[in-house]
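Protein chains in written order, with this note's numbering: chain A, 1 to 611; chain B, 1 to 82. For each residue, glycine too, the CB sits at the ideal point set by N, CA and C.
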Amino acid sequence: MKVECPTFWNQKEINCIESAYKENSLIKVKDALESIRSLPADMQGANINIGILRTFTLETMIEYLQLSFSIIPCKPNIFFGDFDNIEQSILDKDSYFLRQNPDLIFIIWRLEDMHPNLVWDIDSMSLNQRIYECEQLIERVSLLVSEYSENASLFMATFSVPSRWLGVAHDQNRAYGIIDIVSRVNQSIRSYADKKKVKILDLEQWLSATGQCAIDQKMDLFAKSPIASKYALSFSNFCSKTAKPSILPRCKVLAVDLDNTIWGGVVGEDGLEDLQINDNYPGSIYLQIQKLILSLKHTGVMIVAISKNNLSDVSLVFEHHHNMPIKLEDFTSIRANWKEKHENIISIAEELNVGLDSFVFLDDQKFEQSQVSQALPEVRVLSVNSNPLSIYNSLKSTSCFDTYYVVEEDKVRIKDYKSQIERNKLKKEYTTEDFLHNLELRASISHLDKGMVPRAVQLLSKTNQFNLTTKRHNQETLNNMLNNPNYILLMLSLSDKFGDQGEVGLCIATLNSNKEVLIDSFLLSCRAIGRGAEYALWGALIKSIGSISCILKAEYSPTLKNSITEDFYTTVGMKVESRKDGIIRYSMAMPANTKTPDWIDVKIKNNHHYE
Amino acid sequence: MSNLNILINLSSSIFEVPASDIDIKSNQDNIKGWDSLATIKLITELEKEFNIQFDIMEIVELTSIDKVIGILKNKGINFNDS
Chain A
1 MKVECPTFWN
11 QKEINCIESA
21 YKENSLIKVK
31 DALESIRSLP
41 ADMQGANINI
51 GILRTFTLET
61 MIEYLQLSFS
71 IIPCKPNIFF
81 GDFDNIEQSI
91 LDKDSYFLRQ
101 NPDLIFIIWR
111 LEDMHPNLVW
121 DIDSMSLNQR
131 IYECEQLIER
141 VSLLVSEYSE
151 NASLFMATFS
161 VPSRWLGVAH
171 DQNRAYGIID
181 IVSRVNQSIR
191 SYADKKKVKI
201 LDLEQWLSAT
211 GQCAIDQKMD
221 LFAKSPIASK
231 YALSFSNFCS
241 KTAKPSILPR
251 CKVLAVDLDN
261 TIWGGVVGED
271 GLEDLQINDN
281 YPGSIYLQIQ
291 KLILSLKHTG
301 VMIVAISKNN
311 LSDVSLVFEH
321 HHNMPIKLED
331 FTSIRANWKE
341 KHENIISIAE
351 ELNVGLDSFV
361 FLDDQKFEQS
371 QVSQALPEVR
381 VLSVNSNPLS
391 IYNSLKSTSC
401 FDTYYVVEED
411 KVRIKDYKSQ
421 IERNKLKKEY
431 TTEDFLHNLE
441 LRASISHLDK
451 GMVPRAVQLL
461 SKTNQFNLTT
471 KRHNQETLNN
481 MLNNPNYILL
491 MLSLSDKFGD
501 QGEVGLCIAT
511 LNSNKEVLID
521 SFLLSCRAIG
531 RGAEYALWGA
541 LIKSIGSISC
551 ILKAEYSPTL
561 KNSITEDFYT
571 TVGMKVESRK
581 DGIIRYSMAM
591 PANTKTPDWI
601 DVKIKNNHHY
611 E
Chain B
1 MSNLNILINL
11 SSSIFEVPAS
21 DIDIKSNQDN
31 IKGWDSLATI
41 KLITELEKEF
51 NIQFDIMEIV
61 ELTSIDKVIG
71 ILKNKGINFN
81 DS
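Have a look at this one:
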């Protein structure tokens with residue numbers, strides 16, 4: 001089961017909670033509760049009194065319920081009314097139940113508890129009798145709804161068909177049979193929800209999702225405790241998800257990455273035609289992801305795009321791709337640039353004048369997820385991997401955008417949680433360097449060997465963004481360079497704690513007879529951008545040239561896509577020699593010193609040396 | 001962890017008494033937290049932990065740690081090494 005914890009909680013608590021959900025045992029659930037209660041009070045959320053009225057035993061699940069509500073987050077105080085005392089508890093304004101000041105009230109009932117005679121004897125009843133019994137049940141619902149006058153939100157459970165009647169042919173085919181009565185009573189509950197008199201706790205939906213294995217027949221008979229222990233967390237999560245919009249404000253903004261998040265592929269490298277968004281797998285999933293995002297937009301969520309890309313590439317996709325359900329105008333705001341994503345989120349938050357805690361961030365890369373959640377703990381970061389199904393499922397199941405009513409703003413909030421948390425306490429001094437230090441980056445740079453040639457050719461032909469000269473050498477040219485001792489050919493491999501990115505950088509330089517070393521190519525695959533790996537590769541180049549005295553020469557040759565590299569040679573200390581037609585030529589006297597970023601553990605293997 | 005330790009830790013968590021207060025002689029009368037709700041929790045948590053099912057006749061016998069061990073042994077859970 002997927003857990004959604006507050007992103008600003010520490011990893012220690014989150015691990016403890018995840019282990020409780022994984023092991024699904026009382027001991028682990030209690031451990032998780034203890035670790036949550038050790039957090040500073042303001043991180044735990046507001047106090048919420050939750051009163052539960054029920055026709056069967058739920059007390060045995062109290063710790064599970066506490067955990068599910070705590071991770072909203074809130075500090076739940078859960079109490080139960082007496083068995084089968086639903087009307088007495090909420091229609092009597094002076095009842096013991098109401099005197100405990102519930103903020104939320106759940107009514108959880110079953111037909112077999114409320115009306116066992118109907119469930120067991122229905123076959124002996126005439127049609128008129130069955131109609132009468134059904135009307136009595138509906139009357140009971142409407143009495144509760146019309147007489148209830150407290151301020152607390154009232155959640156009313158829908159009924160499920162008792163297992164005795166599942167699949168019974170003669171009941172399926174009659175009016176006012178058990179199955180029909182259940183659906184009529186539920187219909188009346190739903191109509192009160194539509195009139196905003198109650199809110200639905202849709203246990204019928206829950207049970208149809210889990211199936212009958214969620215019912216423990218033996219414990220139902222022994223102790224009227226029908227929810228199977230293995231499904232205790234599933235049940236309690238369903239209750240807390242239902243209540244969440246009345247405890248926490250809904251998130252307003254979905255910030256999405258583009259490449260490999262809402263379409264398959266990288267527009268800057270694969271080009272427009274090869275993007276996966278169509279009726280074939282996996283393009284079909286990206287199609288569904290886009291439709292899901294659009295449906296969120298129709299419920300009032302603002303969609304913004306944050307992509308490390310050139311704006312012109314992004315515009316091109318939306319203008320010319322025919323299969324794209326999302327159009328450019330569906331985005332409230334777009335940031336297609338090379339800044340850090342958290343900087344872009346801050347700038348959008350200022351632009352839209354919404355708090356950072358209203359943001360949900362969706363990106364296929366763990367690297368970006370991790371950086372945003374470290375820099376901006378308020379932002380809810382969806383935990384997904386690069387599999388598009390995980391992106392789809394995470395977006396589908398998140399409760400961040402849940403709301404009871406789509407048209408109107410949900411005006412009544414029990415407690416304004418937002419004002420209770422001192423946001424400043426969460427703000428840590430944070431720099432990109434801190435984040436990069438945490439990534440445990442490892443770079444391995446080696447002189448090209450024959451086996452690496454195909455990958456080098458691929459990098460040369462596909463890399464458009466971080467590519468200073470965009471020279472598309474073929475395999476033969478590279479093989480010739482390999483056999484020429486004047487050439488330095490360096491391949492960079494990168495990995496971090498999230499995984500191995502493989503061979504992602506290439507540098508080609510050559511020594512000519514004028515004692516000049518010319519940089520022919522210097523490039524970095526887009527998935528390695530933003531980690532400082534280019535400086536590791538640069539450092540390796542300087543080391544490879546060694547102590548011979550010479551002039552190092554380089555040029556930046558602009559394309560539509562490589563503006564990100566325009567200043568690169570300046571940042572490593574080269575001097576501009578000339579500018580002509582956009583081409584900038586640089587030089588630098590060698591030997592020179594160079595600094596590699598201290599957040600990357602660099603290893604240089606089988607190094608090249610000029611004699 | 002031995003199965004006896006698992007049982008004791010589980011009981012300690014459910015009855016809300018220190019693990020050191022629980023031994024083979026503990027029963028519904030001398031452990032304050034061992035009420036009917038605790039019995040339900042004990043049944044369902046043991047079923048999950050040892051991946052077993054008690055039948056109704058066994059359930060009513062679960063009134064002391066000694067008897068719990070006896071029934072678990074009948075179900076093939078090993079308590080010999082403790």
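* Does Leu26/A have its Cβ less than 8 Å from a Cβ in chain B? -> What you label residue 26/A is simply residue 26 of the first sequence in a count that begins at 1. At least one CB atom of chain B sits nearer than 8 Å to the CB of Leu26/A.
* To do: Enumerate in chain order the residues of its own chain whose CB-to-CB distance from Ser11/B is below 6 Å, with the five nearest sequence positions on each side excluded.
  => One-based indexing of the second sequence puts residue 11/B at position 11. Taken in chain order, the residues that qualify are Ile22.
* **Residues of the segment 219 to 245 of chain A with Cβ closer than 9 Å to any Cβ of chain B, in chain order** => Those would be Met219, Leu221, Phe222, Ala223, Ser225, Ala228, Ser229, Lys230 and Ala232, in chain order.
* With 9 Å as the C-beta to C-beta threshold (strictly closer), list the residues of the segment 40 to 53 of chain B near chain A in chain order. => Listed by position, the residues of the segment 40 to 53 of chain B near chain A (Cβ gap below 9 Å) are Ile40, Lys41, Ile43, Thr44, Glu45, Glu47, Lys48, Glu49 and Gln53.
* To do: Please go through the same chain and pick out, in chain order, the residues whose beta-carbon is closer than 7 Å to the beta-carbon of Asp416/A, but skip the five residues on each side of it.
  => Translated into the one-based positions of the first sequence, residue 416/A becomes position 416. Low local confidence applies: a pLDDT of 33 at Asp416/A is under 50, so the model's placement there is unreliable, with the coordinate-based value given in what follows. Hits under 7 Å: none found.
* **Glu13/A beta carbon less than 8 Å from that of Val3/A** => Your numbering for residue 3/A matches position 3 in the first sequence. Your numbering for residue 13/A matches position 13 in the first sequence. For Val3/A and Glu13/A, no; Cβs fall outside 8 Å.
* **Rounded separation between Ser163/A and Asp121/A - CA only** => Your numbering for residue 163/A matches position 163 in the first sequence. Your numbering for residue 121/A matches position 121 in the first sequence. If you take the alpha carbons of Ser163/A and Asp121/A, they lie about 15 Å apart.
* Please state whether DSSP places Arg174/A in a helix, a strand or coil. => Position 174 of the first sequence, counted from the start, is the residue given in the question as residue 174/A. Arg174/A: coil per DSSP, three-state reduction.
* Any chain B beta carbon closer than 8 Å to Ala175/A -> Stepping through the first sequence from its first residue, residue 175/A is reached at position 175. It does not: the Cβ of Ala175/A has no partner Cβ on chain B nearer than 8 Å.
* Asked: Does the beta carbon of Glu59/A come closer than 8 Å to any beta carbon on chain B?
  -> Here residue 59/A corresponds to residue number 59 of the first sequence, with the count starting at 1. Any Cβ of chain B closer than 8 Å to the Cβ of Glu59/A would place that residue at the interface, and such an atom is present.
* Out of Pro6/A, Tyr132/A, Thr463/A and Tyr64/A, which has the shortest C-alpha to C-alpha gap to Ser236/A? -> Along the first sequence, read from residue 1 onward, the residue named residue 236/A stands at position 236. Considering only alpha carbons, the answer is Tyr64/A.
* Asked: Does the beta carbon of Asn78/B sit closer than 8 Å to a beta carbon anywhere in chain A?
  -> As a working mapping, residue 78/B is identified with position 78 in the second sequence. Not closer than 8 Å to any Cβ of chain A, the Cβ of Asn78/B fails to qualify, so no.
* Alpha carbon to alpha carbon, how far is Ser495/A from Glu440/A? Give it in angstroms, no decimals. => Working through the first sequence from its first residue, we reach residue 440/A at position 440. Working through the first sequence from its first residue, we reach residue 495/A at position 495. Looking at the two C-alpha atoms, the distance is approximately 8 Å.
* **the segment 389 to 401 of chain A touching the segment 367 to 378 of chain A, judged by at least three CB pairs closer than 8 Å** => Under the Cβ criterion (8 Å, minimum of three pairs), the segment 389 to 401 of chain A does not count as touching the segment 367 to 378 of chain A.
* Asked: To the nearest angstrom, how far is it from the Cα of Phe79/B to the Cα of Asn3/B?
  -> What you label residue 79/B is simply residue 79 of the second sequence in a count that begins at 1. What you label residue 3/B is simply residue 3 of the second sequence in a count that begins at 1. For Phe79/B and Asn3/B, the distance between alpha carbons rounds to 6 Å.
* Rounded C-alpha distance that separates Ser183/A from Ser191/A -> Taking the first sequence and counting its residues from 1, one reaches residue 183/A at position 183. Taking the first sequence and counting its residues from 1, one reaches residue 191/A at position 191. Using only the alpha carbons, I get a separation of about 12 Å.
* Asked: Going by DSSP, which residues form a beta bridge with Gly665/A?
  -> There is simply no residue 665/A to check, as chain A begins at 1 and stops at 611 in what is shown.
* Compute the distance between the beta-carbons of Asn464/A and Gly268/A, then report whether it is under 8 Å. => Taking the first sequence and counting its residues from 1, the one referred to as residue 464/A is at position 464. Taking the first sequence and counting its residues from 1, the one referred to as residue 268/A is at position 268. Yes; because the gap between Cβ atoms is below 8 Å, this pair is in contact.
* Asked: Skipping 5 residues on each side, what residues in its chain have a beta carbon closer than 6 Å to that of Lys67/B?
  -> If you number the second sequence from 1, residue 67/B lands on position 67. Closer than 6 Å at the Cβ level, and outside the excluded window around Lys67/B, lie Glu61.
* **Secondary structure, alpha helix (DSSP H): runs of 4+ residues fully inside the segment 224 to 264 of chain A** => You should have 232 to 247.
* Lys30/A versus chain B: which residues are under 9 Å apart at the beta carbon? -> Residue 30/A sits at position 30 when you count from the first residue of the first sequence. Those within 9 Å of Lys30/A in chain B are Ser13.
* **Counted within 10 angstroms of its Cβ, other Cβ atoms place Phe83/A as buried (16 or more) or exposed** => Numbered from 1 along the first sequence, position 83 holds the residue referred to as residue 83/A. So Phe83/A counts as exposed.
* To do: For the beta strand (DSSP E) holding Phe155/A, just list the boundary residues, first then last.
  => Sequence index remark: in the first sequence, residue 155/A carries index 155 (1-based). Per DSSP, Phe155/A belongs to the beta strand (DSSP E) from Ser153 to Ala157.
* Asked: Under a Cβ-count criterion, where at least 16 other Cβ atoms within 10 Å of its own Cβ denotes burial, should Met85/B be classed as buried or exposed?
  -> Residue numbering for chain B in the displayed model covers 1 to 82; residue 85/B lies beyond these limits and cannot be assessed.
* **Cutoff 8 Å: Lys73/B Cβ touching any chain A Cβ** => On the second sequence, position 73 is the one that residue 73/B refers to. Not an interface residue.
* Start-to-end residues for the beta strand (DSSP E) that takes in Asp601/A -> Counting from 1 along the first sequence, the entry for residue 601/A is found at position 601. Where Asp601/A is concerned, the enclosing beta strand (DSSP E) stretches over Ile600 to Lys605.
* Asked: Cβ of Asn9/B less than 8 Å from any chain A Cβ?
  -> Indexing the second sequence from 1 puts residue 9/B at position 9. Closer than 8 Å to some Cβ of chain A, the Cβ of Asn9/B qualifies, so yes.
* To do: Name the two residues that bound the continuous beta strand (DSSP E) containing Thr332/A.
  => Along the first sequence, read from residue 1 onward, the residue named residue 332/A stands at position 332. Unbroken beta strand (DSSP E) run through Thr332/A: Phe331 to Asn337.
* What is the C-beta distance between Leu490/A and Ala533/A, in whole angstroms, given that I count them as a contact (C-beta under 8 Å)? -> Taking the first residue of the first sequence as position 1, residue 490/A is located at position 490. Taking the first residue of the first sequence as position 1, residue 533/A is located at position 533. Going by Cβ atoms, the distance from Leu490/A to Ala533/A rounds to 12 Å, so no, they are not a contact pair.
* Compare the C-beta of Ile65/B against all C-beta atoms of chain A and say whether one is closer than 8 Å. => Against the second sequence, residue 65/B aligns to sequence position 65. Not closer than 8 Å to any Cβ of chain A, the Cβ of Ile65/B fails to qualify, so no.
* Beta-carbon proximity list for Glu16/B, same chain, < 7 Å, skipping 5 on both sides -> For the purposes of this step, residue 16/B is identified with residue 16 of the second sequence, where counting begins at 1. Excluding positions up to five away in sequence, the list reads Gly33.
* **Three-state secondary structure (DSSP) of Gln11/A** => What you label residue 11/A is simply residue 11 of the first sequence in a count that begins at 1. Secondary structure at Gln11/A: helix, using DSSP grouped into helix, strand and coil.
* Rounded to a whole number of angstroms, what is the C-alpha to C-alpha distance between Met616/A and Gln187/A? -> Here chain A comprises residues numbered 1 to 611, so residue 616/A is not present and cannot be evaluated.
* To which residues does DSSP link Arg380/A through a beta bridge? -> Here the question's residue 380/A lines up with position 380 in the first sequence. Per DSSP, Val360/A.
* To do: Count the CB pairs spanning the segment 163 to 177 of chain A and the segment 127 to 134 of chain A that are closer than 8 Å, and state whether there are at least three.
  => Yes, they touch.
* Minimum length 4: unbroken alpha helix (DSSP H) runs contained in the segment 31 to 69 of chain B -> As for any alpha helix (DSSP H) of minimum length 4 sitting wholly inside the segment 31 to 69 of chain B, the runs are 36 to 50 and 56 to 59, ordered along the chain.
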